[in-house]
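Protein chains: 2
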Amino acid sequence: MMKSFGSKPLAFPTPTWVIGSYDADGKANVMTAAWGGIVSSEPPCIGVSLRESRHSYESILARGGFTISVPDAAHAREADYFGMASGRDRDKFAVSGLTPAKAEFVDAPYVAEFPMIIECRLIQSVELGIHIQLIGEIADVKVNEDVLNADGKPDMELVAPLIFAPGARTYHTVGKAIGKAFSLGKDLL
Amino acid sequence: MMKSFGSKPLAFPTPTWVIGSYDADGKANVMTAAWGGIVSSEPPCIGVSLRESRHSYESILARGGFTISVPDAAHAREADYFGMASGRDRDKFAVSGLTPAKAEFVDAPYVAEFPMIIECRLIQSVELGIHIQLIGEIADVKVNEDVLNADGKPDMELVAPLIFAPGARTYHTVGKAIGKAFSLGKDLL
Numbered sequence: 001m002m003k004s005f006g007s008k009p010l011a012f013p014t015p016t017w018v019i020g021s022y023d024a025d026g027k028a029n030v031m032t033a034a035w036g037g038i039v040s041s042e043p044p045c046i047g048v049s050l051r052e053s054r055h056s057y058e059s060i061l062a063r064g065g066f067t068i069s070v071p072d073a074a075h076a077r078e079a080d081y082f083g084m085a086s087g088r089d090r091d092k093f094a095v096s097g098l099t100p101a102k103a104e105f106v107d108a109p110y111v112a113e114f115p116m117i118i119e120c121r122l123i124q125s126v127e128l129g130i131h132i133q134l135i136g137e138i139a140d141v142k143v144n145e146d147v148l149n150a151d152g153k154p155d156m157e158l159v160a161p162l163i164f165a166p167g168a169r170t171y172h173t174v175g176k177a178i179g180k181a182f183s184l185g186k187d188l189l
Numbered sequence: 001m002m003k004s005f006g007s008k009p010l011a012f013p014t015p016t017w018v019i020g021s022y023d024a025d026g027k028a029n030v031m032t033a034a035w036g037g038i039v040s041s042e043p044p045c046i047g048v049s050l051r052e053s054r055h056s057y058e059s060i061l062a063r064g065g066f067t068i069s070v071p072d073a074a075h076a077r078e079a080d081y082f083g084m085a086s087g088r089d090r091d092k093f094a095v096s097g098l099t100p101a102k103a104e105f106v107d108a109p110y111v112a113e114f115p116m117i118i119e120c121r122l123i124q125s126v127e128l129g130i131h132i133q134l135i136g137e138i139a140d141v142k143v144n145e146d147v148l149n150a151d152g153k154p155d156m157e158l159v160a161p162l163i164f165a166p167g168a169r170t171y172h173t174v175g176k177a178i179g180k181a182f183s184l185g186k187d188l189l
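Listed in order, the protein sequences are those of chains A and B. Going by full-length UniProt numbering, the first sequence opens with residue 1, and the numbers climb by one from there. Going by full-length UniProt numbering, the second sequence opens with residue 1, and the numbers climb by one from there.
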């Protein structure tokens, strides 16, 4: 039997992404967002949705760019904190003990300890009720060499990105690889 | 050391979502998309990006709605197949042996065997290079009663959504819950 949950922002999986920006004082700030995803392959673009009231919102608009730092499961506590505190009244990097690093292609900081970083140039905003979707063109993706597979590609089990479940509001690790895309279903073609 | 991958659509995690629509002949069709995510809480909206050339694209525009069926890991083969074949020249439900069910609130079919279904009314399209992001207002979320937790909420380990890793192009299961959001990082506040 299916149970109906009504009109709710509920879907699995959602990411746990830490959005980096410099505020008007030049202070490195981060906030956590679960409403986001890749939106286009060419140009490569990614979208993240923020409330307009967020301190990060005006920072990103002013500097025209942001980063996404993908936390691994070992940093769930810090990622959770980044989603609760506001950068208006505190320095979240200092409190967490994590290190801001300046991005290479955009005017924004990222979390040096996290395994995967996406640098984004803001190219479009889409108003959607209480959220604004900021669409960034991906300028570069940086991945820690320790989490690459034998082919030199990022290995999702090694990156171990934090996954968020809306509704139950739990964080999860990623599990085992169960097969290759564009291959597992070939026998049905 | 960080390795730079350049300007690529590469970020972890991405979902593996099966998009359902009826085509001009009334045939139930499905396609798999990994470029998507929740985009707004109020109204609750979700975005999925398709190429305009996809058979599903004109179907969704014509009927003004679509569904997202979230495959569990046990259906990785069928989900992979749905992403490779075109509904223009075959009946993907018939080939896969899965069952189309008519959605309750939108004019679109979903996959009856999958554990989580999101019914979406198309409210906006965003052009982004070779992809169009279709934004749907969530009309209802249905979840199989067998995959709810003790509080009656969908349990992400039990739903077992398929997770996709761009780059390596691997499918993964979701791992263990490692804590509660808005709680794990409270001691840093």
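Glycine is no exception: its CB is placed at the ideal position from the N, C-alpha and C atoms.
Under 9 angstroms from the C-beta of Arg-169/B: neighbouring residues of chain A: Against the second sequence, residue 169/B aligns to sequence position 169. The contacting residues are Lys-153, Lys-180, Ala-181, Phe-182, Ser-183.
Worksheet item: Taking DSSP as the reference, what is the three-state secondary structure of Gly-175/B?
Response: Within the second sequence, residue 175/B is the residue found at index 175, counting from 1. The answer is strand: DSSP assigns Gly-175/B an E or B state.
Provide the residue span of the beta strand (DSSP E) that contains Asp-187/B, from first to last.
-> Looking up residue 187/B in the second sequence gives position 187. Premise fails: Asp-187/B is in no beta strand (DSSP E) and is neither H nor E.
Can you give me the Cβ contacts of Val-39/A inside the same chain, cut-off strictly under 7 angstroms, excluding the 5 residues immediately before and after it? If you number the first sequence from 1, residue 39/A lands on position 39. If we look at Val-39/A and ignore the five residues flanking it on each side, its Cβ neighbours are Cys-45, Ile-46, Gly-47, Ile-135.
(request) Please determine, among Glu-137/B, Ser-59/B, Thr-14/B, the residue with the shortest C-alpha to C-alpha distance to Gly-36/A. (result) For the purposes of this step, residue 36/A is taken as the residue at position 36 of the first sequence. It is Thr-14/B whose Cα lies nearest to the Cα of Gly-36/A.
Q. So is Glu-145/B in contact with chain A if we call contact Cβ pairs under 8 angstroms?
A. Here residue 145/B refers to the residue found at position 145 of the second sequence. Closer than 8 angstroms: yes.
Nearest-angstrom beta carbon gap, Ser-49/B and Leu-128/B [assumed within contact, 8 angstroms]: Counting from 1 along the second sequence, the entry for residue 128/B is found at position 128. Counting from 1 along the second sequence, the entry for residue 49/B is found at position 49. The pair is a contact, with the Cβ atoms about 7 angstroms apart (cut-off 8 angstroms).
#### Entry: Beta-carbon proximity list for Val-159/B, same chain, < 6 angstroms, skipping 5 on both sides
As a working mapping, residue 159/B is identified with position 159 in the second sequence. Around Val-159/B: Pro-115, Met-116, Val-147.
Q) Can you tell which of Asp-80/A, Ser-7/A, Ala-28/A has its C-alpha closest to the C-alpha of Thr-67/A? A) Within the first sequence, residue 67/A is the residue found at index 67, counting from 1. Closest by alpha carbon: Ala-28/A.
Leaving out five residues before and five after Val-106/B in sequence, what residues of the same chain have Cβ atoms less than 8 angstroms from its Cβ?
As a first step, residue 106/B is located in the second sequence; it is residue number 106 there, counting from the start. For Val-106/B, where only same-chain residues beyond five positions count, the Cβ hits under 8 angstroms are Arg-63, Gly-64, Gly-65, Phe-66, Thr-67, Glu-119, Cys-120, Arg-121, Ala-139.
Within 8 angstroms (strictly less), CB to CB, does Asn-29/A reach chain B? Against the first sequence, residue 29/A aligns to sequence position 29. Cβ-Cβ to chain B under 8 angstroms: no for Asn-29/A.
>> Using only the alpha-carbon positions, how far apart do Pro-109/A and Phe-82/A sit?
In response: Numbered from 1 along the first sequence, position 109 holds the residue referred to as residue 109/A. Numbered from 1 along the first sequence, position 82 holds the residue referred to as residue 82/A. Near 14 angstroms, if we compare the C-alpha coordinates of Phe-82/A and Pro-109/A.
Three CB pairs or more closer than 8 angstroms across the region 1-17 of chain B and the region 3-10 of chain A:
no
Worksheet entry | Contact with chain A by Ile-163/B, beta-carbon distance below 8 angstroms | On the second sequence, residue 163/B is found 163 positions in, with the first residue counted as 1. So yes, Ile-163/B belongs to the interface.
message: Going residue by residue through the UniProt domain "Flavin reductase like" (10-157) of chain A, where are the continuous alpha helix (DSSP H) segments of at least 4 residues, counting only ones entirely within it?
response: 55-63, 76-84, 92-96
Could you check the C-alpha separation between Asp-25/B and Ala-181/A for me, to the nearest Å? Position 25 of the second sequence, counted from the first residue, corresponds to residue 25/B. Position 181 of the first sequence, counted from the first residue, corresponds to residue 181/A. For Asp-25/B and Ala-181/A, the distance between alpha carbons rounds to 29 angstroms.
How should Leu-98/B be labelled, buried or exposed, when 16 other C-beta atoms within 10 angstroms of its C-beta is the threshold for buried?
Here residue 98/B refers to the residue found at position 98 of the second sequence. Buried, since its Cβ has 16 or more Cβ neighbours within 10 Å.
Quick check: the Cα distance between Gly-185/B and Ala-168/A, rounded to an integer number of angstroms? Taking the second sequence and counting its residues from 1, the one referred to as residue 185/B is at position 185. Taking the first sequence and counting its residues from 1, the one referred to as residue 168/A is at position 168. Those two C-alpha atoms are separated by around 17 angstroms.
Check whether the Cβ of Ile-38/A lies closer than 8 angstroms to any Cβ atom in chain B. As a position in the first sequence, residue 38/A is number 38, starting the count at 1. With 8 angstroms as the cut-off, Ile-38/A counts as an interface residue toward chain B.
| said: Going by C-alpha to C-alpha distance, which of Ser-56/A, Pro-43/A, Asp-72/A sits closest to Phe-113/A? | reply: Taking the first residue of the first sequence as position 1, residue 113/A is located at position 113. Position check: residue 113/A holds Glu in this sequence, whereas Phe was assumed. Of Ser-56/A, Pro-43/A, Asp-72/A, the residue nearest in Cα terms is Asp-72/A.
- For the beta strand (DSSP E) that contains Phe-164/B, what are its first and last residues? Numbered from 1 along the second sequence, position 164 holds the residue referred to as residue 164/B. First-last of the beta strand (DSSP E) with Phe-164/B: 163-165.
- Proximal residues to Ile-86/B (C-beta, below 6 angstroms), its chain only, five neighbours per side dropped: The residue you call residue 86/B lines up with position 86 of the second sequence. The identity of residue 86/B in the sequence shown is Ser, whereas the question assumes Ile. Around Ser-86/B: His-55.
Q) In terms of alpha-carbon separation, which member of Ile-19/A, Tyr-22/A, Val-18/A, Ile-60/A lies closest to Gln-124/A? A) Indexing the first sequence from 1 puts residue 124/A at position 124. Measuring from the Cα of Gln-124/A, the nearest candidate turns out to be Ile-60/A.
Query raised in the report: What does Thr-14/B touch in chain A if you count any residue whose Cβ is under 7 angstroms from its own?
Result: The residue you call residue 14/B lines up with position 14 of the second sequence. Ordered by position in chain A, the residues that pass the 7 angstroms Cβ test against Thr-14/B are Gly-37, Ile-38.
Chain B contact for His-172/A (CB, 8 angstroms cutoff): Sequence index remark: in the first sequence, residue 172/A carries index 172 (1-based). So yes, His-172/A belongs to the interface.
So is Gly-152/A buried or exposed if we call it buried at 16+ other beta carbons inside 10 Å?
Taking the first residue of the first sequence as 1, we reach residue 152/A at position 152. Exposed, because fewer than 16 other Cβ atoms sit within 10 Å of the Cβ of Gly-152/A.
Discussion item. Do Val-174/B and Gly-175/A have their beta-carbon atoms positioned less than 8 angstroms apart in this structure?
Written reply: Taking the first sequence and counting its residues from 1, the one referred to as residue 175/A is at position 175. Taking the second sequence and counting its residues from 1, the one referred to as residue 174/B is at position 174. Contact flag set, yes.
Would you grab the beta carbon distance between Met-1/B and Glu-145/A for me? Rounded to a whole angstrom, and I think it's under 8 angstroms. Your numbering for residue 1/B matches position 1 in the second sequence. Your numbering for residue 145/A matches position 145 in the first sequence. So it is a contact: roughly 5 angstroms between Cβ atoms.
Just to make sure I have the definition right: I need the residues of chain B whose C-beta is within less than 8 angstroms of the C-beta of Tyr-57/A. Which are they? Locating residue 57/A in the first sequence gives position 57, counting from the first residue. Residues of chain B passing the Cβ test: none, with the nearest at roughly 14 angstroms.
Below 7 angstroms on C-beta distance, what does Ala-139/A contact in chain B? Along the first sequence, one-based indexing puts residue 139/A at 139. What Ala-139/A touches in chain B: Ser-7.
Residue from Pro-154/B, Asp-155/B, Ser-183/B, Val-126/B whose Cα sits closest to the Cα of Tyr-57/B = Here residue 57/B refers to the residue found at position 57 when the second sequence is read from its first residue. Here the closest residue by C-alpha is Val-126/B.
Next on the checklist: Would Val-111/B and Leu-188/A qualify as a contact pair, given that the criterion is a beta-carbon distance under 8 angstroms?
Outcome noted: Here residue 111/B corresponds to residue number 111 of the second sequence, with the count starting at 1. Here residue 188/A corresponds to residue number 188 of the first sequence, with the count starting at 1. Contact flag unset, no.
Ala-150/A: contacting residues in chain B (beta-carbon distance under 7 angstroms): The residue you call residue 150/A lines up with position 150 of the first sequence. The contacting residues do not exist; Ala-150/A stays about 10 angstroms from chain B at best.
**OP:** Measure from the alpha carbon of Ala-34/B to the alpha carbon of each residue in Asp-23/B, Asp-80/B, Ser-41/B, Glu-42/B, then state which is nearest.
**Re:** Reading the second sequence from its first residue, position 34 is the one you call residue 34/B. Comparing Cα-Cα distances from Ala-34/B to each of Asp-23/B, Asp-80/B, Ser-41/B, Glu-42/B, the minimum goes to Asp-80/B.
Practice task
Please work out which residues of its chain come closer than 8 angstroms, Cβ to Cβ, to Asn-149/A, disregarding the five sequence neighbours upstream and downstream, and give them in chain order.
Solution key: Within the first sequence, the letter at position 149 stands for residue 149/A. Contacts found: Asp-155, Leu-158.
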